[in-house]
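Engineer: Got a structure for you, questions after.
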Amino acid sequence: MPKISSDKKLFFKLLGKELNEEELEELVFRFGIEAEERDEEPDLLYFEIAANRPDLLCIENLVHALRVYQGLEKQRVYNFTPAKETIYVKAATQQIRPFVVGAILRDVTLTEDSFKSFLSFQDKIHQNYARKRTLVSIGTHDLDKIEGPFFYDAQPPQDIVFQALKQTESMNCIDLFSKLREDQYLKGYLKIIENSPVYPVIYDNKKRVCSLPPIINGEHSKMSAETKNILIEVTAIDEQRALHTLNCLISGFAIYNQKLNIEKVNIVYELSKKQVITPVVDERTLTTNIQYINKVLGINITTQQACELLSIMGIKAVAKDETVLDCLVPFYRSDILQQCDIAEEIGIAYDYNKIDFRVPETATTGSEYRLNKLSDMVREEVALCGFVECLNFVLMSIDEQTKMLNRPNVQNYVSLNNSKTPQFQSVRSTLIPGILHTLQANSDSKLPIKLFEVSDVCVKGLKSEKDGFQKGEGQVGAHNQRNLVAIHSSSKKTELEILHGLLDQLMIKLRVKKTDYHLKQSNDPLFFHQLQAQIVYKDQTIGGLGVVHPEVLERFDWKYPVTLLEMNIQVILNDF
Numbered sequence: 001m002p003k004i005s006s007d008k009k010l011f012f013k014l015l016g017k018e019l020n021e022e023e024l025e026e027l028v029f030r031f032g033i034e035a036e037e038r039d040e041e042p043d044l045l046y047f048e049i050a051a052n053r054p055d056l057l058c059i060e061n062l063v064h065a066l067r068v069y070q071g072l073e074k075q076r077v078y079n080f081t082p083a084k085e086t087i088y089v090k091a092a093t094q095q096i097r098p099f100v101v102g103a104i105l106r107d108v109t110l111t112e113d114s115f116k117s118f119l120s121f122q123d124k125i126h127q128n129y130a131r132k133r134t135l136v137s138i139g140t141h142d143l144d145k146i147e148g149p150f151f152y153d154a155q156p157p158q159d160i161v162f163q164a165l166k167q168t169e170s171m172n173c174i175d176l177f178s179k180l181r182e183d184q185y186l187k188g189y190l191k192i193i194e195n196s197p198v199y200p201v202i203y204d205n206k207k208r209v210c211s212l213p214p215i216i217n218g219e220h221s222k223m224s225a226e227t228k229n230i231l232i233e234v235t236a237i238d239e240q241r242a243l244h245t246l247n248c249l250i251s252g253f254a255i256y257n258q259k260l261n262i263e264k265v266n267i268v269y270e271l272s273k274k275q276v277i278t279p280v281v282d283e284r285t286l287t288t289n290i291q292y293i294n295k296v297l298g299i300n301i302t303t304q305q306a307c308e309l310l311s312i313m314g315i316k317a318v319a320k321d322e323t324v325l326d327c328l329v330p331f332y333r334s335d336i337l338q339q340c341d342i343a344e345e346i347g348i349a350y351d352y353n354k355i356d357f358r359v360p361e362t363a364t365t366g367s368e369y370r371l372n373k374l375s376d377m378v379r380e381e382v383a384l385c386g387f388v389e390c391l392n393f394v395l396m397s398i399d400e401q402t403k404m405l406n407r408p409n410v411q412n413y414v415s416l417n418n419s420k421t422p423q424f425q426s427v428r429s430t431l432i433p434g435i436l437h438t439l440q441a442n443s444d445s446k447l448p449i450k451l452f453e454v455s456d457v458c459v460k461g462l463k464s465e466k467d468g469f470q471k472g473e474g475q476v477g478a479h480n481q482r483n484l485v486a487i488h489s490s491s492k493k494t495e496l497e498i499l500h501g502l503l504d505q506l507m508i509k510l511r512v513k514k515t516d517y518h519l520k521q522s523n524d525p526l527f528f529h530q531l532q533a534q535i536v537y538k539d540q541t542i543g544g545l546g547v548v549h550p551e552v553l554e555r556f557d558w559k560y561p562v563t564l565l566e567m568n569i570q571v572i573l574n575d576f
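Quick note: the sequence shown, position 409, residue 409 per UniProt numbering, numbers continuous.
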């Protein structure tokens, strides 16, 4: 979940009272978030916010919600004034980022702290709700430096020339992107649009570029703590998400206008001739009944009590009669969609700690998951054979499970898009790289070293019942599979018989008949030729064992002989 931070003194000043650590944790926990103080940063407070509450990603909105929750403040009432400015949306934007919304905050009074909070709020939304700017991007501008009407267009990158934020000269987007590839913060966003034949751009009536969404703003319209009038524009591939983002922003920073005034902006689409006035702030009405609330929460309250509880959550509710109430959802609460969300708000206001514990009325029979039971038996038996268990990372580089294992043609792994580092390129399809890394990390330990791991791998391919899966499990083109890997390393000799003996001991303990499994000649480049074998169970190859090839050991920085066994234990489940 996203986290925000605040100066401790500023937070308590905005809250209106001092709280000790225990009191603060109790307050925010009852409200549904978590607070954290760090010894290395004693002047800061950290708050972990639920992912469905982007409106709380700024300290201004969080403090306001907590004050309303405690009855110290009433819910804000915003004033929306008619649109004076217009953004014209050109048809070319349909190729890349088709929607834009906007709003204007006039006569604001910012401080250095509130200005930093404003920028931080945008960044938190970008990283979380906007999915790293792929869905939504925000631009904020000093309105006094630019002149409407404004235009949202999409043009070839070589035709867009402007001085970008923190740049010393004007340049086209091709040259700009070359420079930004060296920027540690912005380089990750370039891939969103760099392969498009056109880039989105917003400019004013004098053709001055305000922003290049979703990458960077122009230097000309740069904001500061002295800015008095702010233009907020939000571009997106999803119009509803853009509207929700805009509503979150204005709900937090309209407070810096004494009258809570928010000026609307007219959006005109050239292609569809559609005209939209944003922000769209119509309050939605959700109707619920008190019987549903009481049943879901296990409490007994009246509609009038429900209305009072909702009021401290910032929701205005009116009782239509003794059983039904209408709830007016604030325009920035995109997380409230249906009756269960209203029930959750009432539960928070009522305080979940005050609800009596009750044994569920549904009779159920619990049992241990069969695969986990099998895994625990395997772990115990391997440990009794003198092996030490280890746990390794699920993600790894593609090379680690292909080239580094002498298996360059392996393609059964699941790769990840847009990985930040090579170590997170793919999900492991084998446990071998992880246990070899663990072996290398214990190079100072006394030999022999005996390690094992029982964990899931993820491989491409459809599930089947013969592989130990239940009938009807989802067919998504990839699946988890429970594997065992064990290694033995000694300075004396390869000692392949130790892992062969481990395999036989496991099969005995799992009551697998000797006629149901055998070893078969194999040709896996991971192992020495003629010092390896396939493990065959009921005519199905479930793994292999052998002496690891020196080339593989060299890549993992290990100089002693290693014998290794890896097998799929899930296939045994059908006979377990």
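Here a beta-carbon is modelled for each residue, glycine too, at the ideal position from N, C-alpha and C.
A quick note: this is a predicted structure, and the numbers were derived from the prediction, not measured.
Please go through the same chain and pick out, in chain order, the residues whose beta-carbon is closer than 8 Å to the beta-carbon of T86, but skip the five residues on each side of it.
Structural biologist: Along the sequence shown, one-based indexing puts residue 86 at 86. The residues are G148, P149, F150, V265, N266, I267 and V268.
Engineer: Can you tell me where the alpha helix (DSSP H) with Q291 in it begins and where it stops?
Structural biologist: Here residue 291 is taken as the residue at index 291 of the sequence shown, counted from 1. Unbroken alpha helix (DSSP H) run through Q291: I290 to L297.
Engineer: Give the straight-line distance between the Cα atoms of Q570 and Y560, rounded to the nearest whole angstrom.
Structural biologist: Position 570 of the sequence shown, counted from the start, is the residue given in the question as residue 570. Position 560 of the sequence shown, counted from the start, is the residue given in the question as residue 560. About 31 Å.
Engineer: Verify whether the separation of the beta carbon atoms of R428 and P525 is less than 8 Å.
Structural biologist: What you label residue 428 is simply residue 428 of the sequence shown in a count that begins at 1. What you label residue 525 is simply residue 525 of the sequence shown in a count that begins at 1. Between R428 and P525, the CB-CB gap reaches or exceeds 8 Å.
Engineer: Look at I49 and M1 and say whether their C-beta atoms are less than 8 Å apart.
Structural biologist: The residue you call residue 49 lines up with position 49 of the sequence shown. The residue you call residue 1 lines up with position 1 of the sequence shown. A contact, by the Cβ cut-off of 8 Å.
Engineer: Which residues bound the beta strand (DSSP E) around E34?
Structural biologist: For the purposes of this step, residue 34 is identified with residue 34 of the sequence shown, where counting begins at 1. Segment E34 to R38, the beta strand (DSSP E) holding E34.
Engineer: H220 lies in the alpha helix (DSSP H); which residues open and close that run?
Structural biologist: One-based indexing of the sequence shown puts residue 220 at position 220. Where H220 is concerned, there is no enclosing alpha helix (DSSP H), given that its DSSP letter is neither H nor E.
Engineer: Between L143 and the rest of its own chain, which residues show a CB-CB distance below 7 Å, the 5 nearest in sequence each way excluded?
Structural biologist: Reading the sequence shown from its first residue, position 143 is the one you call residue 143. Sequence-distant partners of L143 (beyond 5 residues in either direction) whose C-beta falls short of 7 Å from its own C-beta, in its chain, are I104, N229, I230 and L231.
Engineer: Since H529 is in the beta strand (DSSP E), which residue starts that stretch and which ends it?
Structural biologist: Counting from 1 along the sequence shown, the entry for residue 529 is found at position 529. First-last of the beta strand (DSSP E) with H529: F527 to Y537.
Engineer: Taking the alpha helix (DSSP H) that H244 belongs to, which residues open and close that run?
Structural biologist: Working through the sequence shown from its first residue, we reach residue 244 at position 244. Looking at the DSSP string, the run of the alpha helix (DSSP H) that includes H244 is E239 to F253.
Engineer: Does DSSP put L186 in a helix, in a strand, or in coil?
Structural biologist: Position 186 of the sequence shown, counting from 1, holds the residue named residue 186. Here L186 sits in coil by DSSP.
Engineer: For I202, is the classification buried or exposed, using 16 other Cβ atoms within 10 angstroms of its Cβ as the cut-off for buried?
Structural biologist: Indexing the sequence shown from 1 puts residue 202 at position 202. By the 10 Å Cβ count, I202 comes out buried.
Engineer: With distances taken Cα to Cα, identify the nearest neighbour of Q94 among W558, I342, T362 and V198.
Structural biologist: On the sequence shown, residue 94 is found 94 positions in, with the first residue counted as 1. It is V198.
Engineer: Grouping DSSP H, G and I as helix and E and B as strand, with all else coil, what is T285?
Structural biologist: On the sequence shown, position 285 is the one that residue 285 refers to. Here T285 sits in strand by DSSP.
Engineer: Cα-Cα, which of L405, R511 and K373 is closest to E554?
Structural biologist: Looking up residue 554 in the sequence shown gives position 554. Here the closest residue by C-alpha is L405.
Engineer: Buried or exposed for F452, going by 16 or more other Cβ atoms inside 10 Å?
Structural biologist: For this step, residue 452 is matched to residue 452 along the sequence shown. Classification for F452: buried.
Engineer: Judging by CA-CA distance, which residue of S445, S419 and V562 is the nearest neighbour of V485?
Structural biologist: What you label residue 485 is simply residue 485 of the sequence shown in a count that begins at 1. Taking only the C-alpha atoms, the option nearest V485 is V562.
Engineer: Measure the CB-CB distance between I293 and A343 and report whether it falls below 8 Å.
Structural biologist: Residue 293 sits at position 293 when you count from the first residue of the sequence shown. Residue 343 sits at position 343 when you count from the first residue of the sequence shown. Yes, they are a contact pair.
Engineer: Can you have a look at R133 and say buried or exposed, based on whether 16 or more other CB atoms are within 10 angstroms of its CB?
Structural biologist: Numbered from 1 along the sequence shown, position 133 holds the residue referred to as residue 133. Looking at its Cβ environment, which holds 16 or more other Cβ atoms inside 10 Å, R133 is buried.
Engineer: According to DSSP, is L66 helix, strand or coil?
Structural biologist: As a first step, residue 66 is located in the sequence shown; it is residue number 66 there, counting from the start. Correct three-state label for L66: helix.
Engineer: A319 by DSSP, collapsed to three states: which one?
Structural biologist: Position 319 of the sequence shown, counting from 1, holds the residue named residue 319. Reduced to three states, the DSSP call for A319 is strand.
Engineer: Skipping 5 residues on each side, what residues in its chain have a beta carbon closer than 6 Å to that of E25?
Structural biologist: On the sequence shown, residue 25 is found 25 positions in, with the first residue counted as 1. Cβ neighbours of E25 beyond the five flanking positions: A35.
Engineer: Could you check what DSSP says for S6 in three-state terms: helix, strand or coil?
Structural biologist: One-based indexing of the sequence shown puts residue 6 at position 6. Strand.
Engineer: Mind checking who T227 pairs with in its DSSP beta bridge?
Structural biologist: One-based indexing of the sequence shown puts residue 227 at position 227. In DSSP, T227 forms no bridge with anything.
Engineer: In whole angstroms, give me the CA-to-CA distance for E182 and C210.
Structural biologist: Here residue 182 refers to the residue found at position 182 of the sequence shown. Here residue 210 refers to the residue found at position 210 of the sequence shown. One C-alpha to the other measures close to 23 Å.
Engineer: Near N289, what residues of its chain come up, given a Cβ to Cβ distance below 6 Å and the 5 sequence neighbours on each side ignored?
Structural biologist: Looking up residue 289 in the sequence shown gives position 289. Excluding positions up to five away in sequence, the list reads T323 and V324.
Engineer: Going by C-alpha to C-alpha distance, which of L246, A236 and F118 sits closest to M223?
Structural biologist: Mapped onto the sequence shown, residue 223 falls at position 223. Answer by Cα proximity: F118.
Engineer: Just to confirm the assignment: which complete alpha helix (DSSP H) runs, minimum length 4, are found wholly within the region 410–491?
Structural biologist: 432–441
Engineer: Are the CB atoms of S221 and K166 nearer to each other than 8 Å?
Structural biologist: Position 221 of the sequence shown, counted from the first residue, corresponds to residue 221. Position 166 of the sequence shown, counted from the first residue, corresponds to residue 166. No, the pair does not count as a contact, with Cβ atoms beyond the cut-off.
Engineer: Going by C-alpha distance, which of S443, Q304, V359 and R333 is nearest D326?
Structural biologist: Residue 326 sits at position 326 when you count from the first residue of the sequence shown. Of the listed residues, the one whose Cα sits closest to D326 is Q304.
Engineer: Looking at L374 and I572, is the spacing between their C-beta atoms short of 8 Å?
Structural biologist: On the sequence shown, residue 572 is found 572 positions in, with the first residue counted as 1. On the sequence shown, residue 374 is found 374 positions in, with the first residue counted as 1. Taking the C-beta atoms as reference points, L374 is found nearer than 8 Å to I572.
Engineer: Thinking C-alpha only, which one of G32, L310 and K9 is nearest P42?
Structural biologist: Your numbering for residue 42 matches position 42 in the sequence shown. Among G32, L310 and K9, the Cα nearest to that of P42 is on K9.
Engineer: Closer than 8 Å is the cut-off here; do at least three beta carbon pairs connect the region 388–395 with the region 439–458?
Structural biologist: Touching, yes, given that three or more Cβ pairs across the two stretches are closer than 8 Å.
Engineer: With a CB to CB cut of under 8 Å and the five nearest residues on each side skipped, what residues in its chain are close to M377?
Structural biologist: Position 377 of the sequence shown, counted from the start, is the residue given in the question as residue 377. Listed in chain order, the non-local C-beta contacts of M377 below 8 Å within the same chain comprise K509 and L510, local neighbours out to five positions each way being set aside.
Engineer: Measure the C-alpha to C-alpha separation of G472 and G461 and round it to an integer number of angstroms.
Structural biologist: To locate residue 472, count along the sequence shown from 1; it is residue 472. To locate residue 461, count along the sequence shown from 1; it is residue 461. Confidence is the limiting factor: at G472 the pLDDT is only 45, short of 50, which leaves the residue's position unreliable and the question unanswerable from this model.
Engineer: Can you list, in chain order, the residues of its chain whose CB lies under 8 Å from that of residue 586, leaving out five sequence neighbours each side?
Structural biologist: Residue 586 falls outside the range modelled here, since the chain spans only 1 to 576, and no answer is possible.
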